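Heads up, the sequence shown is in the numbering used here, so the first residue is 16 and it goes up one at a time.
Here the structure is laid out as structure tokens; the discussion comes afterwards.
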Amino acid sequence: MALAALLLAACSGQPTKPTPKPDFDSVKDSGPPVPVDMMATPEPTPVREPIGTAGNKSPYKVNGVTYKVRNDVKGYKEQGHASWYGTKFHGRRTANGEVYNMYAMSAAHKTLPLPSYAKVTNLENGRSVIVRVNDRGPFVPGRIIDLSYTAAQKLGYVNKGVARVEVQALDPNSLPTAGQTLAVEKDVSARESLARDASFKLPDNTYLQVGAYSSANQADSMRVRVSAVVDYPVSVSPVERDGRRLYRVRIGPLAQQRALVAARDTVEQNRLGQPQVVYD
């Protein structure tokens with residue numbers, strides 16, 4: 016008994032090997048462990064957003080197939096099958112650098128420019144939703160769009176997995192600017208609605224970088240000029256690069272996509288540069 020106890024104690028003292036994480040490709044996608052009723056989720060208010068470089072490389076190749084991103088969305092209307100994606104990608108970066116939120120009203124498309132907006136109609140029941148396209152996919156033959164868990168639930172096919180749909184892109188020239196939609200926040204009910212709009216939530220520590228300068232005085236001068244035209248915090252952040260100290264002028268952090276677009280438009284309209292989105 017004493018020998019057995021010693022052997023047991025010795026075994027229990029040995030370090031245990033950590034359980035290896037499963038390969039990402041082998042993980043099965045799904046919805047939340049307990050179904051969540053998202054039917055009351057508001058749809059995003061489409062705004063005119065500039066098409067950036069992130070996620071819009073063209074052509075690009077996936078699984079041996081080459082895709083070409085459209086130059087614009089005008090006239091795009093297509094029928095086909097829609098699928099949806101959930102927990103496997105929840106919290107991961109989308110193709111344009113945002114964070115995928117399966118509870119938002121978003122979508123992935125192979126060729127629409129990012130970001131863009133589209134009306135998706137379930138041809139089997141007539142339901143329609145507006146989604147913001149900020150990701151690439153689905154790279155499965157016969158499928159034309161991948162919706163978020165919430166968007167698929169609102170269209171009534173989250174349990175089926177796939178539905179026949181029509182996708183119609185919204186012409187950005189027909190949409191209001193981000194500044195115009197922010198103006199409605201003066202109304203309390205509209206402000207509360209925007210706050211619930213998870214489609215526009217940005218990753219933590221999202222900034223617009225106006226520029227990086229070798230002189231602290233030059234950076235501070237730019238900070239003052241930018242602060243005079245935008246309604247968001249502007250700061251100077253020093254950083255060491257290749258043995259040199261640079262002073263970055265940044266707007267933020269910004270929590271909502273509308274705020275980011277409005278700030279960028281304001282900076283460009285005042286000819287203060289072409290700010291870039293950074294995460295820090």
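For each residue, glycine too, the CB sits at the ideal point set by N, CA and C.
It should be emphasised that the depicted structure is a prediction, and the values quoted were computed from it without experimental measurement.
Contact annotation: Val-148 and Ala-122 have beta-carbon atoms nearer than 8 Å. About 17 Å separates the CB atoms of Asn-116 and His-124; that is not less than 8 Å, and the two are not in contact.
Scanning the stretch 39 to 87 for uninterrupted alpha helix (DSSP H) segments of 4 residues or longer gives nothing; none is fully contained. As the crow flies, the alpha-carbon of Pro-50 is around 18 Å from that of Pro-57.
The DSSP-derived three-state label of Arg-259 is strand. Contact annotation: the stretch 252 to 259 does not touch the stretch 172 to 182, with fewer than three C-beta pairs closer than 8 Å.
For Leu-275, the enclosing alpha helix (DSSP H) begins and ends at 272 to 284. For Asn-111, there is no enclosing alpha helix (DSSP H), as DSSP gives it neither H nor E. Within its own chain, the residues whose Cβ lies closer than 8 Å to the Cβ of Tyr-294, once the five positions on either side in sequence are excluded, are Gly-112, Pro-218, Asn-220, Thr-221 and Tyr-222, listed in chain order. Val-182 places its beta carbon less than 8 Å from that of Ala-133. In the structure shown, Ala-234 adopts helical secondary structure according to DSSP, grouped into three states.
Counting only runs of 3 or more residues that sit fully inside the stretch 91 to 177, the beta strand (DSSP E) segments are 92 to 100, 121 to 123, 131 to 137, 143 to 150 and 158 to 163, in chain order.
Straight across, the Cα-Cα distance linking Thr-109 with Arg-151 is about 8 Å. Counting along the chain, the unbroken beta strand (DSSP E) around Thr-221 starts and ends at 221 to 228.
Distance check between Ile-145 and each of Pro-59, Leu-269 and Gly-288 places Pro-59 closest, using alpha-carbon atoms only. Inclusion of Arg-142 and Gly-171 in the CB contact set at 8 Å is warranted, their separation being smaller than that value. Where Val-292 is concerned, the enclosing beta strand (DSSP E) starts and stops at 291 to 294.
A contact is defined here as three or more CB-CB pairs under 8 Å, and the stretch 156 to 172 fails this definition with respect to the stretch 236 to 250. Residue state for Pro-187 is assigned as helix, using DSSP reduced to three classes. DSSP, read as helix, strand or coil, puts Val-244 in coil.
Short of 8 Å from the beta carbon of Gly-70, and not among the five residues preceding or following it, lie these beta carbons of its own chain, in chain order: Thr-109, Ala-110, Asn-111, Gly-112, Leu-129, Asn-149, Asp-150 and Arg-151.
For the set Arg-263, Leu-261 and Gln-224, the Cα lying nearest the Cα of Gln-289 is the one of Gln-224. The residue from Ser-73, Ile-159, Pro-153 and Tyr-91 with its alpha-carbon nearest to that of Lys-83 is Ser-73. In the DSSP assignment, Val-249 forms a beta bridge with Ile-266.
Check the Cα spacing between Tyr-91 and each of Ser-131, Ala-119, Met-120 and Thr-102: the tightest is with Ser-131. Within the model, the alpha-carbon separation for Val-276 versus Ser-230 is close to 28 Å.
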